[in-house]
Ligand code: 6PG
């Protein structure tokens, strides 16, 4: 696995670069396998990437060959401001020529977390079939506590999961909403490529520990992510503690 770290002056520059690498991987995957499967990240950081893809690449990719999944979702209605689906739908998906069959939302509200997780896993296994279980690209953010997707440091059960691809979780009080489903390490770390998008001074301490290999106890879920081919960190100067 190749690990790369790209540091950019700000979130806009970070997102422009991430968009270029997204397109590169999409073209490679479609050329080699006829399709590109990508897991979208939630939170706020990826918004600019989604907007950049919609603004600059609408006519530059065969979007009908791209399949969209989510790394985690809050179990709220699809039109709820907290919905990770809504973020991607409003900034990217509803502006591109993407067939609805290519979009696999996790918005399985009002199913309970465990039932929603089992249903989403069924959809994933149906998509991959018997011979594959690798997303071409997984996009992830990272919280100030080192969580990623909805894999939180306190949730040892889901961090130890070795079989299930999707799990129902209850997020800690400091990161509402509580009821969520999340991809687990078995499926995330099986991806061909992973991008982390991390911006802002609040992420600096944890990012430094992970990138410097100081996270020896793997207390930070983001530090336990790997990929089959490449793991690429897109970070801004504020998160890296660099000066413009
Ligand atoms: C979520 C996200 C989560 C997010 C980080 C960073 O549903 O909350 O999947 O893992 O990526 O919390 O969030 P920001 O990008 O808003 O800092």
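In my numbering, the protein residues as written are -15 to 228.
Ideal Cβ placement from N, Cα and C applies to all residues, glycine included.
Computed from a prediction, not measured in an experiment: that's the story for all the values here.
Could you compute how far the alpha carbon of residue i sits from the alpha carbon of residue j?
i, j, result
"residue -4", "residue 163", "31 Å"
"residue 16", "residue 133", "28 Å"
"residue 9", "residue 115", "21 Å"
"residue 130", "residue 24", "18 Å"
"residue 109", "residue 117", "8 Å"
"residue 32", "residue 79", "14 Å"
"residue 157", "residue 18", "42 Å"
"residue 151", "residue 140", "12 Å"
"residue 125", "residue 96", "24 Å"
"residue 180", "residue 104", "23 Å"
"residue 165", "residue 41", "30 Å"
Heavy atom of ligand 1 less than 7 Å from the Cβ of residue i, yes or no?
i, result
"residue 126", "yes"
"residue 168", "no"
"residue 58", "yes"
"residue 207", "no"
"residue 131", "yes"
"residue 152", "no"
"residue 75", "no"
Kindly indicate the opening and closing residues of the beta strand (DSSP E) around residue i.
i, result
"residue 50", "50 to 54"
"residue 86", "Premise fails: residue 86 is in no beta strand (DSSP E) and is neither H nor E."
"residue 129", "Run containing residue 129: none; DSSP gives neither H nor E here."
"residue 220", "214 to 220"
"residue 142", "Here residue 142 belongs to no beta strand (DSSP E); instead the alpha helix (DSSP H) covers 140 to 143."
"residue 226", "It is not in any beta strand (DSSP E) - residue 226 carries neither H nor E in the DSSP assignment."
"residue -6", "Premise fails: residue -6 is in no beta strand (DSSP E) and is neither H nor E."
"residue 150", "150 to 154"
"residue 124", "121 to 124"
Short of 7 Å in beta carbon distance, which residues of its chain neighbour residue i, apart from the five on each side in sequence? Order them along the chain.
i, result
"residue 91", "57, 62, 67 and 69"
"residue 75", "31, 34, 35 and 38"
"residue 210", "-15 and 173"
Looking only at its own chain, which residues have a Cβ that is under 6 Å from the Cβ of residue i, when we skip the five neighbours before and after it?
i, result
"residue 213", "176 and 177"
"residue 199", "193 and 207"
"residue 29", "125, 181 and 183"
Could you spell out where the alpha helix (DSSP H) holding residue i opens and where it closes?
i, result
"residue 71", "68 to 75"
"residue 112", "97 to 112"
"residue 190", "188 to 195"
"residue 169", "169 to 172"
If I measure Cβ to Cβ from residue i and keep anything under 8 Å in the same chain, skipping five residues before and after, which residues do I get?
i, result
"residue 221", "-9, -8, -7, -6, 227 and 228"
"residue 170", "145, 146, 147, 148 and 149"
"residue -12", "214, 215, 216 and 217"
Beta strand (DSSP E) runs wholly inside the segment 3 to 66, at least 3 long, in chain order: 20 to 24, 50 to 54 and 56 to 58
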